[in-house]
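Only one structure is covered here, and it is reproduced in the block below.
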Amino acid sequence: MLLTARLSGLPLYPCLGFRFFSQIYTRPAFLAPTGYRSSEMPKETKSSPLSALFGVIKPSGPTSMSLVNDIKKLVANSPLFVEESKLKAKASKTTRKNKHGRDAVKIGQGGTLDPLADGVLVVGVGKGTKKLSDFLDCVKEYRTTCLLGCETDTYDSEGKQVRVAPWRHVTREQVEKALEQFRGEIDQVPPIFSALKMDGKPLYDYARNGIPLPRPIEKRKVTVHELELIEWKGDDHSFRWPEKKFTKEEQEAMEKALKSVDDTVSVKDEPEADAPSEGVPTAFVLRMKVSGGTYVRSIVHDLAHALGSAGHVVTLTRARQGRFALEPSEEGDRACVPWDVFEKALKDEGEADADGRKEWEREVLDKLEVVT
């Protein structure tokens with residue numbers, strides 16, 4: 001049996017389509033979160049410092065936390081989010097810790113994105129950090145590109161080859177037909193190369209270090225509300241399989257971890273007998289709307305298996321996280337701040353306008369949601 005994984009997730013707590021009013025928003029109890037004010041751009045700053053939520057458009061490459069840490073350098077020195085007295089006190093100190101304001105403001109993110117992924121990253125400041133857990137369980141929308149013919153240990157292009165399989169037989173019609181079995185409530189098993197913890201240790205630690213799993217990875221119920229094929233690239237693309245392969249030691253470590261719960265598992269990177277050795281493998285793009293805790297990588301991995309092939313994720317975009325969206329389309333949706341706004345400010349915040357606001361502050365004010 002080759003290294004495989006079925007499908008994972010958490011129960012759904014919808015947080016889409018919220019409608020906001022000029023006063024504190026009231027809503028049915030099942031549509032938590034609560035406690036938000038209308039996020040119209042504040043007309044006065046007497047209520048500063050603000051506690052807020054806002055969406056950031058993460059680029060592919062950096063980690064989510066590295067972006068949050070960079071944003072904190074700006075937020076911690078902004079009168080929008082820090083009391084003026086604290087800013088003055090901090091200005092009189094010269095320690096590096098105080099320079100970056102690490103004690104001046106709380107900041108966090110509501111659901112990390114892998115370095116490969118881009119798209120919506122919800123950031124909370126001040127009391128907004130207490131609302132971030134609501135975004136772990138809310139409905140999310142993704143767009144992802146699947147590349148057939150090669151399976152990796154991480155289920156994406158950042159990993160190493162596990163298996164090369166046939167792919168020429170797969171047609172658009174077959175993909176559309178196979179998608180039917182992945183809609184609705186499904187069972188999903190997280191990838192062993194994931195941050196999900198078992199007995200306090202991330203699963204990837206077991207795999208990398210050859211530590212036997214205490215028990216099989218449990219299946220989880222997740223809900224795939226929408227799943228569709230939106231683009232058939234065929235061989236008209238520039239994606240290629242990763243060249244990285246397992247060393248003998250890495251292969252033995254992973255097999256040791258997996259065989260502790262399934263002695264039929266084997267890890268190999270040799271091509272299957274009928275796998276093509278030449279040609280550009282097929283790629284296609286999926287759009288899905290899923291419950292919190294769903295592993296998009298696992299859906300792509302399992303779909304490829306259902307097609308009699310292998311596959312992995314080469315692009316992944318989170319288009320929506322709750323009401324924060326790349327393309328707001330529903331009442332109450334929130335647009336997100338492009339990362340380059342913060343990147344530019346980190347190099348040079350520029351001059352303040354007549355209201356005393358820097359460019360990045362105006363962008364955030366225009367899109368934030370005040371939390372009381």
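Numbering follows UniProt numbering, with no gaps: position 311 of the sequence shown is 311.
A virtual CB, placed ideally from N, CA and C, is assigned to each residue, including glycine.
A quick note: this is a predicted structure, and the numbers were derived from the prediction, not measured.
Cβ neighbours of residue i in the same chain (closer than 6 angstroms, five flanking residues each side left out)
i           : result
residue 4   : Note that residue 4 scores a pLDDT of 39, beneath 50, so its modelled location is shaky; the value from the coordinates is reported in the next line. Correct list: empty, nothing qualifies.
residue 357 : none
residue 321 : 120, 122, 135, 140
residue 315 : 145
residue 129 : 106, 108
residue 195 : 202
residue 158 : 116
residue 239 : 147, 283, 314
residue 111 : 135, 136
residue 169 : none
residue 232 : 172, 284
residue 80  : 48, 50, 361
residue 127 : 51, 371
residue 176 : 229
residue 197 : none
Whole-number beta carbon distance between residue j and residue i, since they are thought to touch under 8 angstroms
i           : j           : result
residue 178 : residue 306 : 5 angstroms
residue 318 : residue 142 : 6 angstroms
residue 335 : residue 367 : 5 angstroms
residue 214 : residue 309 : No, residue 214 and residue 309 are not in contact; Cβ-Cβ is about 32 angstroms, not under 8 angstroms.
residue 132 : residue 109 : 7 angstroms
residue 66  : residue 116 : Not a contact, Cβ separation roughly 14 angstroms.
residue 188 : residue 294 : 7 angstroms
residue 58  : residue 114 : Actually they are not in contact, since the Cβ atoms of residue 58 and residue 114 sit about 10 angstroms apart, beyond 8 angstroms.
residue 371 : residue 52  : 6 angstroms
residue 257 : residue 210 : 6 angstroms
residue 339 : residue 68  : Their Cβ separation, rounded to whole angstroms, is 11 angstroms, which puts residue 339 and residue 68 out of contact at 8 angstroms.
residue 287 : residue 228 : 5 angstroms
residue 275 : residue 149 : 7 angstroms
Cut-off 7 angstroms between Cβ atoms - residues of its own chain near residue i, not counting five sequence neighbours on either side
i           : result
residue 364 : 54, 337
residue 352 : 358
residue 30  : Here residue 30 scores only 33 on pLDDT, less than 50, and its place in the model is too uncertain to base an answer on.
residue 297 : 155, 156, 191, 313
residue 95  : In this prediction, residue 95 scores a pLDDT of 49, lower than 50, which makes its location untrustworthy; the coordinate-derived value is nonetheless stated afterwards. For residue 95, where only same-chain residues beyond five positions count, there are no Cβ hits under 7 angstroms.
residue 423 : Examination of residue 423 is not possible in this model, given that the chain is present from 1 through 372 alone.
residue 234 : 282
residue 242 : 152, 157, 159, 160, 161
residue 83  : 49
residue 63  : 115
residue 70  : 342, 346
residue 237 : 283
Reduced DSSP category for residue i - H, G, I as helix; E, B as strand; rest coil
i           : result
residue 139 : coil
residue 253 : helix
residue 243 : coil
residue 83  : coil
residue 369 : strand
residue 275 : coil
residue 364 : helix
Endpoints, alpha helix (DSSP H) assigned at residue i
i           : result
residue 72  : 64 to 75
residue 303 : 296 to 306
residue 357 : Element bounds for residue 357: n/a, residue is neither H nor E.
Extent of the continuous beta strand (DSSP E) run through residue i
i           : result
residue 52  : 52 to 58
residue 290 : 283 to 290
Same chain only: Cβ atoms within 8 angstroms of residue i, ignoring 5 sequence neighbours per side
i           : result
residue 174 : 307
residue 349 : 74, 358, 359, 360
residue 250 : 160, 208
residue 218 : 189
residue 206 : 192, 198, 212, 213, 257
Cutoff 7 angstroms: residue i Cβ touching any chain D Cβ
i           : result
residue 204 : Note that chain D does not occur in the displayed structure, where there is just one protein chain.
Contact test: residue i Cβ vs the ligand GTP heavy atom, cutoff 6 angstroms
i           : result
residue 239 : For the ligand GTP, the structure offers nothing, since it holds no ligand at all.
Please give the ranges of any beta strand (DSSP E) in the UniProt domain "Pseudouridine synthase II N-terminal" (104 to 240), keeping only runs that are unbroken, at least 3 residues long and fully inside the region. 107 to 109, 118 to 125, 140 to 148, 150 to 152, 161 to 164, 184 to 188, 220 to 234
Where are the alpha helix (DSSP H) runs, 4 residues long or more, that stay fully inside the region 309 to 350, in chain order? 339 to 347
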